[in-house]
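Counting from 1, position 221 in the sequence shown corresponds to residue 915 in my numbering; the numbering is continuous, with no gaps.
To start, the structure under review is shown below, and the notes come after it.
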Amino acid sequence: MIEILSPTALPRARETGRVVADILQAVRVRTTVGTNLLEIDRWAWDLILAAGAESCYVDYAPSFGSGPFGHWICTSVNDAVLHGRPHNYALVDGDLLTLDLAVAKAGVVADSAISFVVGDARPAESLALIDATERALRAGIAAAGPGARIGDLSHAIGSVLSSAGYSINTEFGGHGVGSTMHQDPHVSNTGRPGRGYRLRPGLLLALEPWVMADTDRLVTDADGWTLRSATGCRTAHSEHTIAITDDGAEILTVPGGSAV
Numbered sequence: 695m696i697e698i699l700s701p702t703a704l705p706r707a708r709e710t711g712r713v714v715a716d717i718l719q720a721v722r723v724r725t726t727v728g729t730n731l732l733e734i735d736r737w738a739w740d741l742i743l744a745a746g747a748e749s750c751y752v753d754y755a756p757s758f759g760s761g762p763f764g765h766w767i768c769t770s771v772n773d774a775v776l777h778g779r780p781h782n783y784a785l786v787d788g789d790l791l792t793l794d795l796a797v798a799k800a801g802v803v804a805d806s807a808i809s810f811v812v813g814d815a816r817p818a819e820s821l822a823l824i825d826a827t828e829r830a831l832r833a834g835i836a837a838a839g840p841g842a843r844i845g846d847l848s849h850a851i852g853s854v855l856s857s858a859g860y861s862i863n864t865e866f867g868g869h870g871v872g873s874t875m876h877q878d879p880h881v882s883n884t885g886r887p888g889r890g891y892r893l894r895p896g897l898l899l900a901l902e903p904w905v906m907a908d909t910d911r912l913v914t915d916a917d918g919w920t921l922r923s924a925t926g927c928r929t930a931h932s933e934h935t936i937a938i939t940d941d942g943a944e945i946l947t948v949p950g951g952s953a954v
């Protein structure tokens with residue numbers, strides 16, 4: 695299903711986007727060396743409820759998962775890149791942590807992810823991974839607008855990731871959002887320009903470049919959810935929800951509604 699929101703729904707989409715972005719930033723600020731992933735999950739729970747929003751994850755049970763996810767936020771550490779299920783682990787200096795959050799409020803979903811290094815260490819490989827995904831995300835957003843095709847966005851994202859020296863997995867990528875979290879169209883992190891669905895005002899897309907340092911192959915953790923690099927290498931993931939407007943693309947998942 696591809697859902698097109700009416701112009702009157704855009705203010706509600708902006709509100710949900712701000713909630714997601716504000717929660718991610720609040721959790722990031724609180725996260726230090728020694729923080730347990732289960733603490734992060736509890737913080738997310740409290741913040742979602744305080745915002746009057748609903749989690750998209752707790753009862754989420756797609757075909758690729760193992761039963762309901764059962765947590766409020768995805769916490770992926772080091773070699774984990776997607777769907778990281780919070781567990782009893784205390785972060786150490788230099789860990790690369792990805793937080794991925796989707797919530798619904800007023801009938802509209804927003805989805806975003808950030809990757810950052812915990813503590814004072816600054817491993818060059820980790821910073822390069824994060825930088826590549828953030829630049830690829832900006833490129834994908836810049837390619838979006840009414841009349842553009844999904845392949846244009848995929849090509850823009852993939853060109854940045856490939857130029858940075860990373861191979862690209864196409865099993866998981868961006869997607870449409872609206873009244874539910876995962877909708878068509880799928881937005882691969884590489885593709886051919888001029889191909890695929892033509893973007894229309896009112897379409898919401900979650901763009902999410904992610905890479906692994908030396909592989910494009912994933913393995914699933916014993917928890918049935920967490921996806922890790924097959925080689926144990928480090929990973930990074932960046933994501934924004936955008937709205938296609940008459941004039942281009944608006945980033946919804948920005949703290950306080952400010953521009954980036």
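Cβ coordinates follow ideal geometry from the N, Cα and C atoms, glycine included.
Given residue i as reference, the closest of the options once Cα atoms are compared
i, options, result
"Ala937", "Leu743, Ala804 and Ile808", "Ala804"
"Val811", "Gly859, Leu791, Ile742 and Val714", "Leu791"
"Ala707", "Asp941, Asp915, Pro756 and Ala900", "Ala900"
"Gly746", "Thr914, Ala800, Thr909 and Asp878", "Ala800"
"Met875", "Glu933, Ile808 and Ala798", "Ala798"
"Leu732", "Arg928, Cys768, Pro701 and Asn772", "Cys768"
"Asn730", "Leu704, Gly778, Leu795 and Leu785", "Leu785"
"His931", "Ile808, Ala715 and Asp773", "Ile808"
"Glu933", "Gly867, Asn772, Gly896 and Gly926", "Gly867"
"Val905", "Glu944, Gly859 and Asp941", "Gly859"
"Gly788", "Asn863, His781, Asp814 and Gly764", "Asp814"
"Met695", "Asp915, Asn782, Leu898 and Ala738", "Leu898"
"Pro895", "Ala916, Gly942, Thr947 and Asp908", "Gly942"
"Asn863", "Ala907, Asp825, Ile945 and Ile824", "Ala907"
"Val727", "Ala924, Val771 and Ala830", "Val771"
"Glu963", "Trp766, Ser700, Gly759 and Pro705", "A question about residue 963 goes unanswered here, because the residues of the chain that appear run from 695 up to 954."
"Trp739", "Pro705, Thr702, Ser700 and Gly764", "Gly764"
Nearest-angstrom Cβ-Cβ length linking residue i and residue j, presumed shorter than 8 Å
i, j, result
"Thr935", "Gly761", "In fact, because the Cβ distance is near 26 Å, the residues do not count as touching under 8 Å."
"Val802", "Gly872", "7 Å"
"Leu821", "Arg722", "That pair is no contact at about 16 Å."
"Thr929", "Asp773", "6 Å"
"Asp940", "Pro840", "6 Å"
"Asn883", "Ile851", "5 Å"
Opposing strand residues paired with residue i [DSSP bridges]
i, result
"Thr925", "For Thr925, which the question treats as bridged, DSSP gives no partner whatsoever."
"Ile698", "Leu897"
"Gly868", "Val881"
"Ser809", "Thr792"
"Ile945", "Ile936"
"Cys768", "Asp794"
"Trp904", "His931"
"Leu774", "Strictly speaking, residue 774 in this sequence is Ala, with Leu absent from that position. Beta-bridge pairing links Ala774 to Arg922."
"Thr966", "Because the chain in this structure spans residues 695 to 954, residue 966 falls outside the shown range and cannot be described."
"Arg730", "For the record, residue 730 in the displayed sequence is Asn; it is not Arg. According to DSSP, Asn730 bridges with Ala784."
"Glu748", "Ala798"
"Val803", "Ala798"
Beta-carbon spacing of residue i, residue j below 7 Å
i, j, result
"Ala837", "Asp846", "yes"
"Glu697", "Gln877", "yes"
"Asp910", "Ser861", "yes"
"Ile717", "Leu795", "yes"
"Pro903", "Ala715", "no"
"Pro879", "Gly885", "no"
"Ala818", "Val854", "no"
Proximity test, Cβ basis, 7 Å: residue i and chain C
i, result
"Ala815", "Annotation note: the requested chain C is absent from the structure, which comprises a single protein chain."
Distance cut-off 6 Å: residue i Cβ against heavy atoms of the ligand MG
i, result
"Ser856", "The model depicted lacks the ligand MG and carries no ligand whatsoever."
*Inspect the CB distances between the segment 884 to 893 and the segment 912 to 920 and report whether three or more fall short of 8 Å.*
no
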